[in-house]
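One structure below.
Number of protein chains: 2
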Amino acid sequence: MAGDYNGEQMATDGSIPENVVLIGKKPPMNYVLAVVTQFNNGARSVKVRARGNAISRAVDVAEISRHRFVNDVRVENIAISSEEISNEDGTRSKVSAIEITLAR
Amino acid sequence: MAGDYNGEQMATDGSIPENVVLIGKKPPMNYVLAVVTQFNNGARSVKVRARGNAISRAVDVAEISRHRFVNDVRVENIAISSEEISNEDGTRSKVSAIEITLAR
């Protein structure tokens, strides 16, 4: 179901592990739908990942998913990290990242 | 040292517990300075709190603080939640929140 994932980050990452939803710039409900779909397809856990400004949206997606759609799901883990990204001019800069693991 | 805190959220919250840095719309380094100051003043832990779009900035502040300024500090806990806020027109809406606990 690679089509459920957001294309922007998939292109840079190469491959996407299962049960991961990468948060981009679309409205939060698009990603909530992806999370809920994974749980409805039998997933025991789903990781919600974001970088930079999308981090706020990742928290929204996790909160909306568990409060409104899949009530038996809890936040199993939250990890923050810094990633180095290459800019178009060849310089490198750091960007914060978050990974929220939802599990039932 | 109430002056280190960001005024917007302090007004609605009433009182601010010690060792809490509320993230608002200022540049991240302002809040990093507040975090580092608290640790330099002997705090064993500092909570970084934010709501809505400031959540991304809170993660930046935590990451910059522990990687660049106080290297013996680790992320002790991260909690996400939903808070209800009153809009100016009397309606209520939900906003996501994060609390990152840094500890040495």
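The listed protein sequences derive, respectively, from chains A and W.
In this text, residue positions in the first sequence follow this note's numbering: the first is 300, and each later residue adds one.
In this text, residue positions in the second sequence follow this note's numbering: the first is 300, and each later residue adds one.
Just so it is clear, CB atoms sit at the ideal spot from N, CA and C, and this is done for glycine as well.
Just so you know, these numbers come straight off a predicted model, no measurement behind them.
Would you say Ile322/A reaches chain W, if we count a Cβ-Cβ gap shorter than 8 angstroms as a contact?
Not an interface residue.
The ligand COA and Arg373/A: does any heavy atom of the ligand fall closer than 7 angstroms to the residue's C-beta?
This structure does not include the ligand COA; it has no bound ligands of any sort.
I want to verify the contact list: residues of chain A whose CB lies under 7 angstroms from the CB of Asp359/W, in sequence order.
Residues of chain A passing the Cβ test: Ser395.
Smallest Cα separation from Gly321/A: which of Asn339/A, Arg343/A, Gly341/A and Ser355/A?
The displayed chain sequence assigns Leu, not Gly, to residue 321/A. Measuring C-alpha to C-alpha distances from Leu321/A to each of Asn339/A, Arg343/A, Gly341/A and Ser355/A identifies Ser355/A as the nearest.
Give the DSSP-derived three-state secondary structure of Thr400/A in the structure shown.
Residue state, collapsed to three classes: strand.
Can you name the residues of chain A whose CB is closer than 8 angstroms to the CB of Met355/W?
The sequence shown places Ser at residue 355/W, rather than the Met named in the question. Correct list: Gly351, Asn352, Ala353, Ile354, Ser355 and Ser395.
Neighbourhood of Ala378/W by C-beta distance below 6 angstroms, restricted to the same chain and skipping five residues each side
For Ala378/W, same chain residues with a beta-carbon under 6 angstroms away, outside a window of 5 residues either side, are Glu398 in chain order.
Nearest CA to the CA of Lys325/W: which residue from Gly341/W, Gln337/W, Arg343/W and Ala349/W?
In terms of CA proximity to Lys325/W, Ala349/W leads the group Gly341/W, Gln337/W, Arg343/W and Ala349/W.
Is there at least one Cβ from chain A nearer than 8 angstroms to Val334/W's Cβ?
Chain A places no beta carbon closer than 8 angstroms to that of Val334/W, leaving this residue out of the contacts.
Please tell me whether Val374/W has its Cβ less than 8 angstroms away from any Cβ of chain A.
Val374/W counts as touching chain A.
Between the alpha carbons of Asn386/W and Arg367/A, how many angstroms are there, rounded?
So the two alpha carbons sit approximately 21 angstroms from each other.
Nearest to Ala402/A by CA position, among Gly389/A, Asn376/A, Val358/A and Asp388/A, is which residue?
Out of Gly389/A, Asn376/A, Val358/A and Asp388/A, Asn376/A has the C-alpha closest to the C-alpha of Ala402/A.
Nearest-angstrom Cα distance between Val394/W and Val331/A?
A straight line joining the alpha-carbon of Val394/W with that of Val331/A spans about 16 angstroms.
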